[in-house]
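Heads up, the final residue of the sequence shown is numbered 629 in full-length UniProt numbering, and it's a clean run with no missing numbers.
Just so it is clear, CB atoms sit at the ideal spot from N, CA and C, and this is done for glycine as well.
Keep in mind that this is a model prediction, so the values were computed, not measured.
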Amino acid sequence: MPRVAPPNRTRLSLVWLVPLLALVVGGWLLVRSVLATGPRIEIEFATAEGLEAGKTEVRYKEVVIGRVTAVQLRADRQKVVVSVQLDRSAAGVARQDTQFWVVRPRIGTAGVSGLGTLFSGAYIGVDAGVSEEEREQFVGLEAPPFMLRGEPGGSFVLVAENLGSLEVGSPVSYRRTRVGRVVGYQLDPARDELSVKIFVDAPYHTLVTPQTRFWNSSGIDVSLNANGLTLDTQTLSSILAGGVSFERLPNSGPAQAAADGSRFVLFEDRKSALAPPFGQPVPVRMVFDQSVRGLVVGAPVDFLGLDIGTVRSIQLQRTVRRGRVPVEVTADIYPLRLGNLRGALLRSVAEGTPTGGAEAAGAAASRPRGAAAAPAPARPPASAASGAGGPAAAEEPGEASVVRRLVDEGIRAQLRTGNLLTGQLFVALDFFRPSAAVPDAKPAAAPGSRAARRAERRARAEAAAVARAEADGIVTIPTQAGTLSELQPQVAEIVEKINRIPFDEIGRGLQGTLGRANDTIARLTPEAQQALAGVTATLNRAQASLDRLDRNLLDESAPVQRQTEQALAEVQRAAAALRVLADYLQRNPETLLRGKPPDAPLEPAPRRPRSAEVPAAAPPPADPRPRSP
1 MPRVAPPNRT RLSLVWLVPL LALVVGGWLL VRSVLATGPR IEIEFATAEG
51 LEAGKTEVRY KEVVIGRVTA VQLRADRQKV VVSVQLDRSA AGVARQDTQF
101 WVVRPRIGTA GVSGLGTLFS GAYIGVDAGV SEEEREQFVG LEAPPFMLRG
151 EPGGSFVLVA ENLGSLEVGS PVSYRRTRVG RVVGYQLDPA RDELSVKIFV
201 DAPYHTLVTP QTRFWNSSGI DVSLNANGLT LDTQTLSSIL AGGVSFERLP
251 NSGPAQAAAD GSRFVLFEDR KSALAPPFGQ PVPVRMVFDQ SVRGLVVGAP
301 VDFLGLDIGT VRSIQLQRTV RRGRVPVEVT ADIYPLRLGN LRGALLRSVA
351 EGTPTGGAEA AGAAASRPRG AAAAPAPARP PASAASGAGG PAAAEEPGEA
401 SVVRRLVDEG IRAQLRTGNL LTGQLFVALD FFRPSAAVPD AKPAAAPGSR
451 AARRAERRAR AEAAAVARAE ADGIVTIPTQ AGTLSELQPQ VAEIVEKINR
501 IPFDEIGRGL QGTLGRANDT IARLTPEAQQ ALAGVTATLN RAQASLDRLD
551 RNLLDESAPV QRQTEQALAE VQRAAAALRV LADYLQRNPE TLLRGKPPDA
601 PLEPAPRRPR SAEVPAAAPP PADPRPRSP
């Protein structure tokens, strides 16, 4: 019987479902992990202090966006490379201009930061960039940036001559209140200028307007000039780490806030920053025939108490004048600071009329009464400056014409002492009386003499120097001797007269006179002693006499006093009798002819009060005494 074989069937065991399910789940987890994981980047730091693989976090705005996966040394052993795995949600952080730094406890000019990492540990901070280009390798910052992207506020650029003690992180203050910080600086070799970038926090950035002035408030500003000692201090942080301060110009009025990125000038101090606008400077030269000790470059040029310029240079001339070497001082004058007087001078120059009227009250009132303007130095005509050709075109009046008109009006330059303690000098522009000139100690040279020829050559040289200066646009201002220089000839004359006094002969004569006086006194000494003894005895006797006289006159028991009292009583009685007789005769004048009646008493009539009417006289009383035959 044939044998039937069963069919060959392959059965899949259910056991294989477990690894298959595990493979599916693993693949799904792998895909999910890949999809959830962000880019992997590398950051280079100078040191790995505080960084640990698998523990150190990467934070952006205090949100964890990644973690350090590895820390290893670079191949050249100069820096460390930190591998960071970012989250998928932070994939957009890895941009070209993104910045990374390690947040750890720091003490700097901006204060103490990163104290929270003392407990949580260091972490990597992020300032996300805005570039569209992605990047995987970065160079980390050694310190946190002082300005983060998107931070509210405004950035401005300050142009300075030097950095001073400023550094990144130095405070920016407004009225001694910190409102910002210095975020960077850069030296531009092409334009030879230093640009300092600052950031002002919101809402204080609106305080910066086109009328705002910035100055370097670093440390303590101590200046010693003609005005004395000036000490200006700022906040403690500015003194220690430097700083920048700003204010708006006085009386500037409201203005719109400056645009972000505006450029300003960084002045050296507050005084120069808030000073009135200078305008276009006019170079001037002044020649002094006296010592300029105490005058320094930068000294003020004063006009009737107003600071209108500064001294630019001081140098000796090449000539010798009357045994002295003249000193040429150049300065910059800013006519814009003359105010209304500048406008009046410009109008007078344009109209070709002298300054006068109410418009030039400042110039007219400043000149002393009776003062006359000294002749101004000769200037070359306009044709000489324009060349040998035809007539020169009329020059439009400018700032230099203002100074020239002041010179024509009689203004002169004089060195004055600004501070007696320091001896600092300044240049004062004022109007002087002709009599104020210092008389020349030397007599005028005879015409044709060698001295006269030298004086003529000096005058020609001075005129040529003035012409060259005018050709270069420099105005020459005549000078006036200083107050001390005026006193020097007088003091010298007094000293010369004192030297002529024969003090030696006077001393010898005085010595002889004193010797003879001593001899005379020595001879008269015995006689003087005897006379003094006699005078003493006489005074004693006079004192004794006065004592006796006091006892005889002033003592109550003295006979003279009793007799005097009796005499005074008799005189009083006699006066009373005479008064009675006079009254009787006044009432009875006929008694002088007929005599007194025998029955009439010789007694005064009783006095009555006075009244407007005089009463009739009463009949005389009868005289009781018998009438004489």
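Annotation: the continuous beta strand (DSSP E) that includes P171 extends over 171-174. In the DSSP annotation of this structure, the continuous segment of the alpha helix (DSSP H) that includes L341 starts and ends at 340-351.
Three or more Cβ pairs closer than 8 Å define a contact, and the stretch 180-200 falls short of that threshold against the stretch 296-304. Here the stretch 138-147 makes contact with the stretch 93-102; the two share three or more CB pairs at distances below 8 Å. Taking R263 as the centre and dropping the five residues before and after it, the same chain places the C-beta of V157, V159 closer than 7 Å to its C-beta, in chain order. G309 has V301, I333 as its beta-bridge partners, per DSSP.
As DSSP reads the structure, S83 sits in a beta bridge with E42, A70. A Cβ-Cβ separation of about 6 Å places R412 in contact with T479 under the 8 Å criterion. For N340, the number of other beta carbons within 10 angstroms of its own is below 16, and it is reported as exposed.
For T422, there is no enclosing alpha helix (DSSP H), as DSSP gives it neither H nor E.
Annotation: the continuous beta strand (DSSP E) that includes R213 extends over 212-216. If the five residues before and after K79 are omitted, its C-beta is found closer than 7 Å to the C-beta atoms of E44, F45, A46, all from its own chain and listed in chain order. If you draw a straight line from the Cα of A463 to the Cα of A471, it comes to about 12 Å. Annotated as distal: V71 and V58, with beta-carbon spacing of 7 Å or more. Fewer than three Cβ pairs drawn from the stretch 276-287 and the stretch 167-180 lie within less than 8 Å of each other, which leaves the two stretches out of contact.
Boundaries of the alpha helix (DSSP H) harbouring T117: 117-120, taken from the DSSP string. For the pair of segments examined, the stretch 210-219 was found to touch the stretch 248-266: the number of CB pairs separated by less than 8 Å reaches three. Sixteen is the threshold: since fewer than 16 other Cβ atoms of the shown chains lie within 10 Å of the Cβ of F119, the residue is exposed. Taking all protein chains in view, the Cβ of N540 is surrounded by fewer than 16 other Cβ atoms within 10 Å, so the residue is classified as exposed.
Taking a 10 Å sphere around the C-beta of D519, we find fewer than 16 other C-beta atoms and assign the residue as exposed. Pairing H205 with G169 gives a Cβ-Cβ distance that is not under 7 Å. Pairing T538 with P559, the inter-Cα distance amounts to about 28 Å. Leaving aside the five residues that flank V325 on each side, the residues in its chain whose CB is nearer than 7 Å to its CB run, in chain order, L316, Q317.
Annotation: Q78 is outside any beta strand (DSSP E) and is labelled neither H nor E by DSSP.
Rounded to whole angstroms, the separation of the alpha carbons of N499 and F432 is 34 Å. Per DSSP, L194 is one residue of the beta strand (DSSP E) stretching across 193-201.
With a threshold of 16 other beta carbon atoms within 10 Å, G512 falls short and is exposed. Here V282 is bridged, per DSSP, to I333. Taking a contact as a CB-CB distance under 8 Å, the pair T476 and V466 counts as one, their CB atoms being some 5 Å apart. For the options D76, V172, I124, the alpha carbon positioned closest to that of F246 is the one of V172. Spatial neighbours of D188 in its own chain (CB-CB distance under 7 Å, excluding positions within 5 residues in sequence) are listed in chain order as S195. In the displayed model, L166 falls within coil according to three-state DSSP, outside both helix and strand. The alpha-carbon separation between A522 and R508 amounts to approximately 21 Å. Going by DSSP, V560 is part of the alpha helix (DSSP H) stretching over 559-587. Under DSSP, A428 shares a beta bridge with D302, Q414. In this structure, DSSP gives D188 an extended state, which the three-state scheme calls strand.
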